[in-house]
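Quick note, the sequences are listed as chains A and B, same order.
Residues in the first sequence are numbered consecutively from 7, following our numbering.
Residues in the second sequence are numbered consecutively from 993, following our numbering.
Worksheet: one structure, shown below.
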Amino acid sequence: MGLTRDHALELLHQMVRIRRLEEKAAELYSAGKIRGFLHLYIGEEAVAVGAMSALRPDEAVVATYREHGHALVRGLSATAVLAEMYGKVSGCSRGRGGSMHFFCPEARFYGGNAIVGGGFPLAVGLALADKMQGRRRVTACFFGDGATDEGEFCESMNLAALWKLPVLFLCENNQYSMGTALARHAADVELTHRPMAFGIPAEKVDGMDVVAVERAVRYEAESVREQGTPRFLEMVTYRYRAHSMYDAELYRDKAEVAEWKERDPIALFVARATEAELIEDADVDAIEQEVAAEVARAVEEAEAAEWETLEDLTRNVVAREVP
Amino acid sequence: MSTASYREAVRAAMRKALRDDPRVFLMGEDVGRYGGAFAVSKGLLEELGPDRIRDTPLSESGFVGAGIGAALGGMRPIVEVMTVNFSLLCLDQIVNNAATLRHMSGGQVNVPVLIRMATGAGKQVAAQHSHSFENWYASVPGLKVLAAGTVQDAYDMVLAGLEDPDPVVLFETMVLYNMEGELDEEASSLDVWHARVRREGSDVSLITYGSSLPKTLKAAELLAIDGIVAEVLDLRSLRPLDTEAIVRTVSKTHRAVIVDETYRSGSLAAEVCARIGENAFYELDAPVERVCTVEVPIPYPKHLEDAALPQPERIAEAAKRTLQRGG
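Structure representation (C-alpha cells):
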C-alpha cells in the first residue's frame, strides 16, 4: 500500500472519528439536542481524510454545508464541532452558525458554506490574496456534484484559470444533487469535462479509497503549488445516510445503497491494511475505544457548555459599530 | 481646496488608497484598459499596473465573491460593480457571504471589502439600467451602506469604506459623475457615517441622500422664492441610518418630506418615515410626505422617465402640502 504503519493508523483513526461523531450527532438530533439542518458525511469519509492529509496546515480550505468531517480532520476538536451543532457558545462559531457553518481561521478553515456554489468565488479570492501577497500555497475548494451546475462554478473556473490562481477544485461526487441523481441533473455526467473547457487539468479518483484519494490530492496539490495554476479532481463517492434529517430517500433504491456499502471506505481500508500487515484487529479496537471516549467527552462538554446570553443577540453583526 | 468632478473625486480617493496601501486593489468590469464604464478609473491601469487594476470577465457573482475571499485573505479590495442593476447578479455573494460571514463565524473573520456601484436613472437607458435599490442593501444586517451626494463625500466615502473593517456598499450616482464641486483632500474626513444638514431651514425638513440631493437642494431654492425656508438633510449613511439627525431636524421644523429615488413601496423613504413615526410623532404638525419613484419600470422616453422620478417641482409641491395641512 506504500504506507507506514503510523500513517495507516492515522488515516483509520480520522475516518472512524468522523463516522462515530456523526452517528452520535444523528442520535442527538433524534433526541432534539441538535436542530435545524444536519447533513451527514457517513460513507464519504475517505474523501475528507485523504484530501486533508495531503494539504499543508497553512493552506486554506473552503467547504460545504456537509463539512463536519473536513473540520474534524482539519484539527477542530470534537467538542468544538459538537458544541456548535448544539448552538452553544463554546462551539467553533460561538454557536451562531450551527452544523452548516463551522469556521476556524487558525486552521484556515473558511466554512461551512450553505449556499451551493457560494464557496467557489471565496476560494478564488483567497487564492488571489495569496498570489498578490507572494505566498505559494493551495486554496482547497470542496463542493459536490450538484454545485457544478451553478453559474458560479463556471465563473470561478474561468477566473481562476484566467488569472492563474492556485485553487484546487475538489469535487465530491456523491451521485446526488440532494435527491436528483447525476444523470438527471447533468447533461454530461463526465464532470471532468467541465473544467477542461477552461483549460483546467482534471482527474478522477475512487473516493471510497482513502489511499488513492490522498495520493491523488498530494499530486494535484503539489502541481498547483509548483505551477500556481488551478486544477480539478473529482472524487467519486457515496452518501450512505439521507441528504439531511428530513429526507425520506424516495429517490434511490435500497439495493443501490447496499451495493455502495459493500465498498465502505472504512471496511475497505481495514481489510487492505490488515492484509498488508500494517494493522491488526487490536489496532481497530484500540481506535474504536479511543474515539468512543473522545465522542463521549465531546457530548459531555457540549451538554455542560453555556448558552450565549440574550444580551449578546446582536453581537458580531459588524466588526465596528458606528458611534 | 479645489474644484473637481464627482468622477475625479472617486478616482483621486482610489488612487490615494492604492498608493498608500499595497493591500488595496481594484477589480471590476472594464475598470482597466477601458478606463471604467463611467471613466472613473481612467489612467489607473497605466499608473498602477494590471496586478492592482484588474479587468474582470462579466461574472458579477464570481468577482464580487472573489473580492470577499481576497478580503478574508488579508487584502483590501475595491470591487466595482458597473451598476446596481448588475449587482442583482451578485446579490447572493453580498447578502449571503459578505454580510453574514462575521456573524456566522462567531466574530472570527471580517470582510473588509468596498463594493462600489453606480445607481439611479435619468439617462434614458430604460428599465434594466435605471433601478435604484439602495433600500434593499440598507435592509441587510452585516452591511454598511453609503451614498455619496457631493463631490467631497465621493472622495471621503471611498477612503472611509476602505478603512472600515466591515463590508461597505458605496452608491455613486450615475447622473452625478460630471457634477463639479469643491474637493479638499487635506480636510478629508472618515466620518461619513452621520447625516449632515446641507441647507439650514425652519419651515420644513427635506430628507434625502445621494442621487436626489441636488434635486432636493434645487427644490429648496424653489421654495425660497415663495418664502418657505426648507432645511435639507443629507442622510449619507443608509445603514446605519442616523435616526438622531432625522429626529433633530423634524423636531426643529415639525414637517418632513422624504425624497428618495427607490420605488415608493418599501422604499428607503418608508423606513425614514417609520423612524419619524416611532421617534418624533408628537413633533409633527403635518403628515409626512414621500417623493419617490413612481411604481413603473423606468420608461425609455425622456418625458415619461422625468415624470417617473423625483423632480424639484414635485418635491416643492410636497413641501407645500405639508405646510397647508399643518396646524
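Using N, Cα and C, we set each Cβ at its ideal position, and we do this for glycine too.
Keep in mind it's a predicted model, so treat the numbers as computed, not measured.
Candidates the options, of which the one nearest residue i by Cα
i: A:His45; options: A:Arg269, A:Thr280, A:Ser250 and A:Asp270; result: A:Ser250
i: B:Leu1168; options: B:Glu1223, B:Leu1205, B:Ala1152 and B:Ser1033; result: B:Leu1205
i: B:Asn1127; options: B:Lys1312, B:Arg1267, B:Asp1176 and B:Tyr1255; result: B:Tyr1255
i: A:Tyr225; options: A:Ala32, A:Ala60 and A:Tyr257; result: A:Ala60
i: B:Val1150; options: B:Val1132, B:Glu1174 and B:Pro1069; result: B:Pro1069
i: A:Val130; options: A:Gln20, A:Thr154, A:Leu168 and A:Leu197; result: A:Leu168
i: A:Asp291; options: A:Val276, A:Ala282 and A:Val305; result: A:Val276
i: B:Gly946; options: B:Ala1299, B:Ala1216 and B:Tyr998; result: The question about residue 946 of chain B has no answer here: the residues shown for chain B are numbered 993 through 1319.
i: A:Val122; options: A:Thr243, A:Glu156 and A:Gly104; result: A:Glu156
i: B:Ser1097; options: A:Val323, A:Asp64, A:Glu327 and A:Val328; result: A:Val323
i: A:Glu51; options: A:Glu16, A:Glu314, A:Glu317 and A:Val216; result: A:Val216
i: B:Ile1290; options: B:Glu1281, B:Leu1301 and B:Gly1141; result: B:Leu1301
i: A:Ala273; options: A:Ala86, A:Lys210, A:Thr10 and A:Leu17; result: A:Leu17
i: A:Tyr257; options: A:Arg25, A:Gln181, A:Ala218 and A:Pro329; result: A:Gln181
i: A:Ala133; options: A:Phe159, A:Gly124 and A:Lys170; result: A:Lys170
i: A:Leu78; options: A:Cys98, A:Asp318, A:Phe159 and A:Asp64; result: A:Cys98
i: A:Tyr244; options: A:Asp270, A:Arg62 and A:Arg26; result: A:Asp270
i: A:Leu176; options: A:Arg62, A:Val67 and A:Glu317; result: A:Val67
i: A:Asn119; options: A:Val223, A:Glu268, A:Ala261 and A:Thr70; result: A:Thr70
i: A:Leu174; options: A:Val230, A:Glu209 and A:Arg141; result: A:Val230
i: A:Glu294; options: A:Arg23, A:Arg142, A:Leu284 and A:Glu220; result: A:Arg23
i: B:Cys1284; options: B:Asp1277, B:Ala1310 and B:Asp1252; result: B:Asp1252
i: A:Arg303; options: A:Thr85, A:Asn164 and A:Glu262; result: A:Thr85
i: B:Val1196; options: B:Ala1009, B:Ala1179 and B:Leu1215; result: B:Leu1215
i: B:Met1006; options: B:Ala1152, B:Glu1297, B:Ser1079 and B:Pro1133; result: B:Ala1152
Residue i: contacting residues in chain A (beta-carbon distance under 7 Å)
i: B:His1095; result: Arg102, Asn322 and Val323
i: B:Ala1261; result: By Cβ distance, chain A contributes nothing, its closest Cβ being about 21 Å from B:Ala1261, past 7 Å.
i: B:Asn1271; result: Simply none; closest approach about 17 Å.
Any chain A beta carbon closer than 8 Å to residue i
i: B:Ala1058; result: yes
i: B:Leu1064; result: yes
i: B:Pro1157; result: yes
i: B:Met1149; result: no
i: B:Phe1055; result: yes
i: B:Ser1257; result: no
i: B:Gln1144; result: no
i: B:Gly1061; result: yes
i: B:Ser1051; result: yes
i: B:Lys1136; result: yes
i: B:Asp1022; result: no
i: B:Asp1043; result: yes
Proximity test, Cβ basis, 8 Å: residue i and chain B
i: A:Ser99; result: yes
i: A:Arg326; result: yes
i: A:Ala203; result: no
i: A:Ser183; result: no
i: A:Tyr336; result: Lying outside 7 to 329, the shown extent of chain A, residue 336 of chain A is not represented and no answer is given.
i: A:Asp318; result: no
i: A:Gly157; result: yes
i: A:Gly124; result: yes
i: A:Ile206; result: no
i: A:Ala131; result: Checking the displayed sequence, the identity of residue 131 of chain A turns out to be Gly instead of Ala. Yes, A:Gly131 counts as interfacial toward chain B.
i: A:Ile40; result: no
i: A:Tyr92; result: no
i: A:Ala135; result: yes
i: A:Tyr116; result: yes
i: A:Leu82; result: no
i: A:Pro63; result: no
Listed by chain order, chain A residues near residue i by CB distance under 9 Å
i: B:Ser1229; result: Val328
Neighbour list for residue i in chain B, Cβ cutoff strictly below 8 Å
i: A:Ser59; result: Going along chain B, no residue has its Cβ under 8 Å from A:Ser59, so there is no contact; the nearest lies around 23 Å.
i: A:Leu351; result: Not covered by the structure: residue 351 of chain A. The range shown for chain A is 7 to 329.
i: A:Leu165; result: Thr1048, Pro1049, Ser1051, Gly1054, Phe1055 and Ala1058
Proximal chain B residues relative to residue i, where beta-carbon distance stays under 7 Å
i: A:His76; result: Ordered by position in chain B, no residue passes the 7 Å Cβ test against A:His76, which lies about 15 Å from the chain.
i: A:Ile121; result: Asp1084 and Asn1088
i: A:Glu161; result: Ser1051, Ser1053 and Gly1054
Proximal residues of chain A, C-beta to C-beta of residue i below 8 Å
i: B:Phe1017; result: Met138
Under 9 Å from the C-beta of residue i: neighbouring residues of chain B
i: A:Phe109; result: Leu1093, Met1096, Ser1097, Gly1098, Gln1100 and Val1101
Residues in the segment 1305-1316 of chain B having any Cβ partner in chain A nearer than 8 Å: For chain A, none of the residues of the segment 1305-1316 of chain B brings a beta carbon within less than 8 Å of one of its beta carbons.
- prompt: Going along the chain, which unbroken runs of the alpha helix (DSSP H) with 4 or more residues stay wholly within the segment 1141-1198 of chain B?
  reply: Complete alpha helix (DSSP H) runs here, min 4: 1143-1155.
message: Runs of 3 residues minimum, wholly inside the segment 23-105 of chain A: which ones carry the beta strand (DSSP E) assignment?
response: Within the segment 23-105 of chain A, the complete beta strand (DSSP E) runs of at least 3 residues fall at 66-69.
query: Along the chain, which unbroken stretches of the alpha helix (DSSP H) at least 4 residues long are found entirely within the segment 1233-1269 of chain B?
result: Secondary structure remark: continuous alpha helix (DSSP H) runs of at least 4 residues inside the segment 1233-1269 of chain B, in chain order: 1235-1245.
- request: Residues of the segment 1099-1133 of chain B with a CB closer than 7 Å to any CB of chain A: list them in chain order, please.
  value: Within the segment 1099-1133 of chain B, contact with chain A at the beta-carbon level (separation under 7 Å) is assigned to Gly1099, Gln1100, Val1101, Asn1102 and Pro1133.
message: Please give the ranges of any alpha helix (DSSP H) in the segment 241-272 of chain A, keeping only runs that are unbroken, at least 4 residues long and fully inside the region.
response: You should have 260-267.
- prompt: Between the segment 1064-1082 of chain B and chain A, which residues of the former have CB atoms less than 7 Å from a CB of the latter, in chain order?
  reply: Contact residues of the segment 1064-1082 of chain B toward chain A are Leu1064, Gly1065, Gly1066 and Met1067 (C-beta to C-beta distance below 7 Å).
Beta strand (DSSP E) runs contained entirely in the segment 136-176 of chain A, provided each spans 3 or more residues: Fully enclosed beta strand (DSSP E) runs of 3 or longer: 145-150.
task: Scan the segment 1216-1241 of chain B for residues whose Cβ lies nearer than 8 Å to a Cβ of chain A and list them as they occur along the chain.
output: For the segment 1216-1241 of chain B, the set of positions with a beta-carbon nearer than 8 Å to some beta-carbon of chain A reads Ser1229 and Pro1232 in chain order.
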